[in-house]
Each structure stands twice: as structure tokens, then as C-alpha cells.
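Before any comments, here is the structure.
Have a look at this one:
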């Protein structure tokens, strides 16, 4: 996986399957447990989180790239997603249809001429989160402002990217840093 792409197609497929199950009647109790977490670490000793790990590819339990605390962040945040936003947008440079990234969705007004769901101030605060607990609170608030609609693949990948940047030296090339990618996506669609 090159650059900042942490999820394989299998990861994305399993994550989407788990999310569908979580929103079905059978998964509602797990969803409630995950959503009640004050911070991601709270869910680690719960059956809901163990079930999440079992549903993910085996590397989520053994890989160095995706640590257990990373998986906890993904599980708790994705539990707040009500609907997987798989809508497309047209890339200005290539004229190709592409998925709407999580950061882009934060700036896309719901109606023409409207305001973005997440203000520039809140966007800045989200990017400047100092630790996982603060980041978690802010990202859950952002999801609430999106009415629980987010591209699960983009969001999960960004969560893993954020976790990695918190524990390692930032990428050498600025365009590979999450804050730069998010700013590029957010300000590209922010209404003037």
C-alpha cells in the first residue's frame, strides 16, 4: 500500500460488511456499546470490539501497520456512521468520477448556496487535535454534523493515517500528510 493508503480492497469490503451488520437488528446492541465509549480504548475489553476484530481480515490482529488501538478508533468512529456515503464527484484535473472523501464531505453544503456542515474553525480544531481522545470527540461531532453520512473507506483510512502520524515522524512530503490532504479536499469544495 503506497503512500497514505492503509486499507486494502479486502479491508474495505469487510469493513462495509461489518457496518451493514452493525446497522441491522442483530448488530444494534454492539453498535450501542461502541457508541457509548468515551474514548476508543474503552471498547477493547468488550465483546463488541472482539467481534469487530474477528470480522476484519486477520492482519488487523497481527499487523504492525494496524495496531489494536487503531482498530479500536476505527470501530468506535464507524459505529457513529449511519449511512455509507458512496456518492461520486468529478475530479477537476482529470474529469474522472471519484469517491467523495471524508474531508470533502465536511465542506459540501447540503443545498446550493448553503453553509458547509463543518465550519472552518471546527475543521481547524479537528486537525489540531492533540491526542486520540480529543480527535475522537471532534470526529464524532463532525459525523453528527454530517447526519451520520460518511464514506466509510475514506474515513477509516484517514483514521489510520492520523493514528500513524501521531506515533511517527510526519511524512517527508507535505502532500502525504493528512492535514495537507484534508485541507486540499476541504478547501477545494468550500463555497466562497
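Numbering (the working numbering), first residue to last: 1201 to 1392.
Here a beta-carbon is modelled for each residue, glycine too, at the ideal position from N, C-alpha and C.
These numbers were taken from a predicted model, which means no experiment stands behind them.
Should residue i be labelled buried (16 or more other beta-carbon atoms within 10 Å of its own) or exposed?
i: residue 1229; result: exposed
i: residue 1292; result: Because residue 1292 sits at a pLDDT of 49, beneath the cut-off of 50, its placement in the model cannot be relied upon, and the point is left open.
i: residue 1249; result: buried
i: residue 1378; result: buried
i: residue 1231; result: buried
i: residue 1226; result: exposed
Return yes when the Cβ of residue j is within less than 8 Å of the Cβ of residue i, no when it is not.
i: residue 1317; j: residue 1326; result: no
i: residue 1277; j: residue 1339; result: yes
i: residue 1344; j: residue 1207; result: no
i: residue 1261; j: residue 1273; result: no
i: residue 1255; j: residue 1214; result: yes
i: residue 1373; j: residue 1284; result: no
i: residue 1266; j: residue 1360; result: yes
i: residue 1309; j: residue 1391; result: yes
i: residue 1351; j: residue 1389; result: no
i: residue 1323; j: residue 1329; result: no
Thinking just about the alpha-carbon of each residue, which of the options is nearest to the one in residue i?
i: residue 1240; options: 1270, 1341, 1265 and 1352; result: 1270
i: residue 1217; options: 1275, 1265 and 1267; result: 1275
i: residue 1224; options: 1282, 1244 and 1268; result: 1282
i: residue 1376; options: 1315, 1353, 1358 and 1391; result: 1358
i: residue 1233; options: 1247, 1334 and 1268; result: 1247
i: residue 1205; options: 1287, 1333 and 1353; result: 1353
i: residue 1331; options: 1363, 1251, 1244 and 1257; result: 1363
i: residue 1222; options: 1319, 1251, 1311 and 1337; result: 1251
i: residue 1286; options: 1349, 1312, 1382 and 1268; result: 1349
i: residue 1235; options: 1367, 1381, 1337 and 1383; result: 1337
i: residue 1321; options: 1313, 1383 and 1312; result: 1383
i: residue 1210; options: 1237, 1342, 1245 and 1259; result: 1259
Over the uninterrupted alpha helix (DSSP H) stretch that includes residue i, give me the two end residues.
i: residue 1262; result: 1259-1262
i: residue 1247; result: 1247-1255
i: residue 1223; result: 1209-1223
i: residue 1235; result: 1228-1235
i: residue 1379; result: 1378-1389
i: residue 1344; result: 1332-1345
i: residue 1322; result: 1320-1327
i: residue 1366; result: 1352-1367
i: residue 1304; result: 1302-1307
i: residue 1277; result: 1268-1278
Determine, for residue i, whether the minimum Cβ-Cβ distance to residues of chain B falls below 8 Å.
i: residue 1354; result: The chain labelled as chain B is not found in the depicted structure, where only one protein chain is given.
So residue i packs on residue j, CB below 8 Å; how close in whole Å?
i: residue 1385; j: residue 1303; result: 4 Å
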